[in-house]
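Peer 1:
Protein chains: 2
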Amino acid sequence: MVRASPPPSDPAASAQPAASLPRRVTLKDIARALKVSPATVSNAYNRPDQLSPQLRARILETALALGYSGPDPLASSLRRGRAGAIGVVYDATLSYAFADPAASLFLGGLARALEEQNLGLLLIPSPQRPSLQRPDAQNARPQEPSLRAAAQPATGRVQSASVDGFVVYSASDGSELLKAVLGRGLPVVLVDQSQVEGVAYIGIDDAGGARAAARHLLDLGHRQIGVLSLEFGPQGPDEPTGTARGTEQSRGTVTPEREAQLSYHTTAERLRAYRGAAAEAGATLFVMEAQDNTPQEAETLALELLRTTPGVTALLCMSDVLAQGALSAARKLGLEVPGSLSVVGFDDVPSSAALGLSSVHQPTAQKGELAGRALVELLAGGAARELILPTQLMVRGSSGPVRK
Amino acid sequence: MVRASPPPSDPAASAQPAASLPRRVTLKDIARALKVSPATVSNAYNRPDQLSPQLRARILETALALGYSGPDPLASSLRRGRAGAIGVVYDATLSYAFADPAASLFLGGLARALEEQNLGLLLIPSPQRPSLQRPDAQNARPQEPSLRAAAQPATGRVQSASVDGFVVYSASDGSELLKAVLGRGLPVVLVDQSQVEGVAYIGIDDAGGARAAARHLLDLGHRQIGVLSLEFGPQGPDEPTGTARGTEQSRGTVTPEREAQLSYHTTAERLRAYRGAAAEAGATLFVMEAQDNTPQEAETLALELLRTTPGVTALLCMSDVLAQGALSAARKLGLEVPGSLSVVGFDDVPSSAALGLSSVHQPTAQKGELAGRALVELLAGGAARELILPTQLMVRGSSGPVRK
DNA sequence: TTGTACGCGTTATCAT
DNA sequence: ATGATAACGCGTACAA
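Which chain is which? The protein sequence lines are A and B, in order. Residue 417 is where the first sequence ends in the numbering used here, and the numbering goes up by one at each step. Residue 417 is where the second sequence ends in the numbering used here, and the numbering goes up by one at each step.
#1: Can you pull the chain A residues whose beta carbon is under 7 angstroms from the beta carbon of Asn306/B, in chain order?
#2: Under the DSSP definition of a beta bridge, which residues are partnered with Val180/B?
#3: Give the interface partners of Ser90/A over in chain B, defined as CB-CB distance under 7 angstroms, in chain order.
#4: In or out: Ile43/B buried (at least 16 other Cβ within 10 Å) or exposed?
#5: Determine the extent of the alpha helix (DSSP H) in which Thr4/B is found, giving its start and end residues.
#6: For Leu135/A, would you say it is in contact with chain B, using Cβ-to-Cβ distances shorter than 8 angstroms as the test?
#7: Measuring CB atoms only, is the region 358-367 of chain A touching the region 111-123 of chain A, in the sense that at least three cross pairs come out at less than 8 angstroms?
#8: Figure out for me which residue from Ala315/B, Thr297/B, Arg228/B, Arg264/B has the closest Cα to the Cα of Ala290/B.
#9: Kindly provide the ranges of any beta strand (DSSP E) runs that are 3 or more residues long and lie completely inside the region 321-358 of chain B, ordered along the chain.
#10: Residues in its own chain within less than 6 angstroms of Gln405/A by CB, not counting five upstream and five downstream?
#11: Can you find the residues in the same chain that come closer than 7 angstroms, C-beta to C-beta, to Asp104/B, ignoring five residues on each side of it along the sequence?
#12: Counting only the same chain and skipping the five closest in sequence on each side, list residues whose C-beta sits under 6 angstroms from that of Val267/A.
#13: Of all the CB atoms in chain B, is at least one closer than 8 angstroms to the CB of Arg197/A?
#14: Out of Ile217/A, Asp219/A, Gly198/A, which one is the CA nearest neighbour of Gly211/A?
#15: Mind reading off the beta-carbon distance from Leu388/A to Pro200/A? Whole number of angstroms is fine, and I expect it under 8 angstroms.
#16: My output table needs one value for Glu399/B: the three-state DSSP class, helix, strand or coil.
#17: Whole-angstrom Cβ separation of Ser82/A and Pro86/B, contact assumed at under 8 angstroms?
#18: Please classify Thr266/B: does DSSP put it in a helix, a strand, or coil?
#19: Pick helix, strand or coil for Leu406/B, following the three-state DSSP scheme.
#20: For the region 207-238 of chain A, which residues have a CB atom closer than 9 angstroms to at least one CB atom of chain B, in sequence order?
#21: Given Glu310/A, which residues of its chain have a CB within under 7 angstroms of its CB, disregarding the five upstream and five downstream residues?
#22: Take Ala393/A as the anchor and find which of Gly410/A, Arg320/A, Asp232/A, Asp177/A has the nearest alpha-carbon.
#23: In the region 304-338 of chain A, which residues sit with their C-beta less than 7 angstroms from some C-beta in chain B, listed in chain order?
#24: Considering only the alpha carbon of each residue, which of Ser365/A, Ser55/A, Thr326/A lies closest to Leu335/A?
#25: Going along chain B, which residues have a C-beta under 8 angstroms from Asn131/A?
#26: Could you check whether the Cβ of Ser341/B sits closer than 8 angstroms to any Cβ belonging to chain A?
#27: Is any non-hydrogen atom of the ligand PLP found closer than 7 angstroms to the C-beta of Ile99/A, if you look at the structure I gave you?
#28: Anything in chain A within Cβ reach of Ala98/B, meaning under 7 angstroms, just list it in chain order.
#29: Give the DSSP-derived three-state secondary structure of Gly246/B in the structure shown.
#30: If we ignore side chains and look at the alpha-carbon of each, how far apart do Leu284/B and Gly222/A end up?
#31: If you pair each beta-carbon of the region 267-279 of chain B with each one of the region 203-219 of chain B, do three or more pairs fall below 8 angstroms?
#32: Starting from the Cα of Val38/A, find the closest Cα among Ala76/A, Ala294/A, Ala342/A and give me that residue.
#33: When you compare the CB of Phe359/B with every CB in chain A, is at least one pair closer than 8 angstroms?
#34: Between which two residues does the alpha helix (DSSP H) carrying Gly83/A extend?
#35: With a threshold of 8 angstroms between beta carbons, is Leu368/B in contact with chain A?
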């Protein structure tokens with residue numbers, strides 16, 4: 014039934030016995046059908062001015078008739094040497110990225126910059142991290158990291174992504190994904206993470222923003238402040254974080270061991286700034302690490318913190334998502350905000366204005382747009398630049414003077 | 014220090030006059046360098062069991078030395094016949110998609126289903142619609158739609174996307190983009206829009222949800238209800254919506270002409286359900302069309318509606334984003350919610366719970382996940398199915414009995 | 001307009 | 001077992 018080889022192709026006799034196999038129609042097929050050169054058919058699609066309108070019309074017509082929907086993008090990309098898309102890698106699952114409004118906003122800005130250039134955005138799936146299932150003993154088995162890494166799904170998708178460049182968003186220090194990206198040798202823009210020598214970078218003034226947030230609360234008189242922190246480091250199967258996680262007694266409470274693993278640049282910067290400001294004012298910080306950047310997680314942590322440490326009068330949250338969870342916790346406890354509890358977030362996502370949440374604003378969408386532009390420049394042969402965007406504290410109704 | 018070009022490596026005669034141009038190293042280069050066949054090098058990457066470990070090690074090693082980062086994804090995809098990614102088209106700009114939490118959630122679910130299969134997600138840029146600039150006379154010039162369409166950037170990206178299938182999300186009826194997608198002849202899953210015969214479909218019970226929302230307000234005694242509607246139809250340059258938009262006197266107010274252009278399935282379904290429920294109860298609806306699904310737009314519309322129609326005691330909003338804008342408007346007017354104004358949204362995005370917004374819940378992320386699975390099934394040769402997911406009214410604090 | 005070499009690998013099929 | 005040969009995937013660009 015399957016006729017793999019091309020038909021004898023005796024043009025005179027029209028040897029095609031029947032519409033044999035459902036092989037995909039290609040450009041050549043329609044060229045053959047019209048007895049023109051493949052080049053002409055190609056031109057019909059890509060350089061209409063290179064052939065007579067009537068020939069072009071005939072070509073398009075028979076293409077339609079034969080069910081040919083234009084040149085294969087893959088083949089075309091291969092020949093042209095450009096994939097027409099850029100890859101985005103995020104050091105967490107994609108589903109996670111989309112759940113975070115700030116990440117979404119960033120992607121939106123990025124998309125805007127790219128759609129101007131008619132570039133597609135290829136989201137590269139990250140390894141699923143088994144964050145929800147607790148790491149049982151099985152995971153402990155060594156995996157000869159050297160060779161396995163080369164063929165691992167984690168980095169594998171990076172290596173097999175048909176893209177012209179990458180944007181890496183908030184990868185942890187020493188991330189395998191990042192290494193894989195750098196290994197591809199394509200233009201790269203790094204965003205919201207540790208810089209790498211010679212690689213384009215877009216970031217924000219994390220320290221400044223965090224300091225402003227902390228000082229704001231300190232100025233209001235708060236001296237016992239809880240911190241709802243973003244993750245310290247990745248928890249993926251590849252990453253050696255097992256131990257600290259195993260020994261934690263109280264969920265979320267930060268042990269020195271855990272703090273030693275601080276490998277997310279953003280988290281580290283903000284935490285350091287919080288600490289610095291608190292130290293200046295002689296205030297005490299109670300740090301809880303949220304395993305996930307979700308309101309649920311934050312609510313749980315806030316409830317626990319407020320239960321175990323009643324002296325806390327304010328919460329510094331490293332994201333608005335966490336802050337929203339903190340607000341929920343306050344409501345559940347019947348704590349007035351800001352009367353009995355002040356809450357300050359970070360990111361200033363759109364819904365925070367409606368919630369009256371005090372927060373550190375960062376130009377999230379613009380950051381994405383700039384990252385896109387930076388990559389486009391790189392693609393055009395431009396030089397790698399680095400850019401730090403400002404942050405700004407937005408004081409709203411969720412923070413007020415300490416009232417004891 | 015950096016040796017970009019492969020070393021001369023003249024084994025025999027070395028016809029290469031010099032390390033001429035910084036040509037990319039290819040699989041063949043490293044095959045040549047080791048005097049093995051390209052096939053062997055390929056195997057080193059893809060079928061490690063097909064060659065001796067030591068040979069493989071040597072290959073990987075010299076690959077590293079020559080700066081070869083593995084088989085070109087494009088070439089590999091071409092040969093294998095699968096792109097390893099699926100395309101998502103959304104009938105609005107991508108930046109817009111990301112600004113909508115519901116869309117983001119959907120994409121997140123989709124991404125999850127795809128990352129399980131190690132498929133990438135290629136976001137296809139839509140044409141920028143000049144929504145913000147008002148459509149001036151220039152746009153009126155005819156563009157010989159027939160031929161232009163074939164090469165238009167709008168549909169162009171669809172035709173040139175290297176993907177194995179598509180997910181089309183909320184395209185308007187008669188969307189050019191949708192036609193282009195269908196024209197590709199690849200597996201397609203349609204989501205939240207009008208169905209197409211024989212094409213897989215995932216949707217929600219829009220009518221049921223909208224009806225429940227409307228009845229809820231009606232049961233509470235409201236009889237003059239404002240509706241903050243999503244867009245009726247696309248406003249892109251290609252779409253013939255100019256006239257109605259031109260003649261609108263009062264921003265957002267819906268004219269019969271405009272309503273005749275109702276081409277978004279979701280909007281149409283919800284509106285019809287609102288209308289049906291209102292008619293049953295003898296209530297009056299005041300419909301405003303939001304050009305954009307943003308809180309700002311909604312706030313503006315709500316302010317205007319409440320100003321011009323003081324009898325309105327409740328607002329039915331077709332999205333939570335719009336509802337959040339309505340809440341802002343209420344706050345600005347000093348209207349108590351739900352005392353003086355009830356607000357009900359649609360989607361039940363995560364932040365709505367924190368806001369205490371009554372809303373129609375839909376399993377947004379799950380919808381995305383199911384769409385992904387459906388597409389994966391299609392890719393595997395499965396049959397096209399259709400699926401309608403349920404919605405559920407979540408009554409929270411933003412809706413209450415009418416109080417006059 | 002057209003011939004045709006080339007882009008870069010992959011996957012049978014063969015040979016040792 | 002191991003490795004090589006060669007056809008093939010689908011267009012595109014440049015010379016003719």
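Just so it is clear, CB atoms sit at the ideal spot from N, CA and C, and this is done for glycine as well. Note that the structure is a prediction, hence the values are computed from the model and not measured.
Peer 2: Quick look at the numbers:
#1: Looking up residue 306/B in the second sequence gives position 293. None at all; the shortest Cβ gap to chain A is about 12 angstroms.
#2: Stepping through the second sequence from its first residue, residue 180/B is reached at position 167. Answer is Val101/B, Val202/B.
#3: Within the first sequence, residue 90/A is the residue found at index 77, counting from 1. Within chain B, the residues Leu87, Ser175 have their CB atoms less than 7 angstroms from the CB of Ser90/A, given in chain order.
#4: Here residue 43/B corresponds to residue number 30 of the second sequence, with the count starting at 1. With 16 or more other Cβ atoms within 10 Å, it is buried.
#5: Here chain B covers residues 14 to 417 and nothing more, so residue 4/B does not appear.
#6: Here residue 135/A refers to the residue found at position 122 when the first sequence is read from its first residue. Cβ-Cβ to chain B under 8 angstroms: yes for Leu135/A.
#7: At 8 angstroms Cβ cutoff, the stretches touch.
#8: Here residue 290/B refers to the residue found at position 277 when the second sequence is read from its first residue. The option with the nearest alpha carbon to Ala290/B is Arg228/B.
#9: 327-330
#10: Indexing the first sequence from 1 puts residue 405/A at position 392. Taken in chain order, the residues that qualify are His374.
#11: Along the second sequence, one-based indexing puts residue 104/B at 91. Closer than 7 angstroms at Cβ, skipping near neighbours: Ser139, Ser183, Ala184, Ser185, Ser188, Leu190, Pro247.
#12: Translated into positions along the first sequence, residue 267/A becomes position 254. For Val267/A, where only same-chain residues beyond five positions count, the Cβ hits under 6 angstroms are Val300, Glu302.
#13: By one-based count along the first sequence, residue 197/A stands at place 184. Yes, its Cβ sits closer than 8 angstroms to a Cβ of chain B.
#14: To locate residue 211/A, count along the first sequence from 1; it is residue 198. Distance check between Gly211/A and each of Ile217/A, Asp219/A, Gly198/A places Gly198/A closest, using alpha-carbon atoms only.
#15: Taking the first sequence and counting its residues from 1, the one referred to as residue 388/A is at position 375. Taking the first sequence and counting its residues from 1, the one referred to as residue 200/A is at position 187. Taking C-beta atoms under 8 angstroms as the contact rule, Leu388/A and Pro200/A qualify, at a distance of about 6 angstroms.
#16: Here residue 399/B refers to the residue found at position 386 when the second sequence is read from its first residue. Strand.
#17: To locate residue 82/A, count along the first sequence from 1; it is residue 69. To locate residue 86/B, count along the second sequence from 1; it is residue 73. The Cβ separation is near 23 angstroms, so there is no contact.
#18: One-based indexing of the second sequence puts residue 266/B at position 253. In the structure shown, Thr266/B sits in a strand (DSSP, three-state: E or B).
#19: Indexing the second sequence from 1 puts residue 406/B at position 393. In this structure, Leu406/B counts as strand in the three-state DSSP scheme.
#20: none
#21: Mapped onto the first sequence, residue 310/A falls at position 297. Counting only Cβ-Cβ distances below 7 angstroms, and skipping sequence neighbours, we find Ala303, Gln304, Gly338.
#22: The residue labelled residue 393/A in the question sits at position 380 within the first sequence. It is Asp177/A whose Cα lies nearest to the Cα of Ala393/A.
#23: Pro308, Gln337
#24: Indexing the first sequence from 1 puts residue 335/A at position 322. Ranking Ser365/A, Ser55/A, Thr326/A by Cα distance to Leu335/A puts Ser365/A first.
#25: As a first step, residue 131/A is located in the first sequence; it is residue number 118 there, counting from the start. The contacting residues are Pro138, Pro166, Gly169, Arg170.
#26: Residue mapping note: residue 341/B aligns to position 328 of the second sequence, counting from 1. At least one chain A Cβ lies under 8 angstroms of Ser341/B.
#27: Among the components of this structure there are no ligands whatsoever, and the ligand PLP is therefore not found.
#28: In the second sequence, residue 98/B corresponds to position 85, counting from 1. Leu135, listed in chain order.
#29: Start at 1 with the first residue of the second sequence, and residue 246/B comes out as number 233. Coil.
#30: In the second sequence, the residue the question calls residue 284/B occupies position 271. In the first sequence, the residue the question calls residue 222/A occupies position 209. Taking the straight line joining both Cα atoms gives about 44 angstroms.
#31: yes
#32: As a first step, residue 38/A is located in the first sequence; it is residue number 25 there, counting from the start. The alpha carbon of Val38/A has as its nearest neighbour, out of Ala76/A, Ala294/A, Ala342/A, the alpha carbon of Ala76/A.
#33: The count along the second sequence starts at 1 and reaches residue 359/B at position 346. It does not; no Cβ of chain A falls within 8 angstroms.
#34: The residue given as residue 83/A occupies position 70 in the first sequence. Looking at the DSSP string, Gly83/A is not in any alpha helix (DSSP H), and its letter there is neither H nor E.
#35: Within the second sequence, numbered from 1, the residue matching residue 368/B stands at position 355. Yes, Leu368/B counts as interfacial toward chain A.
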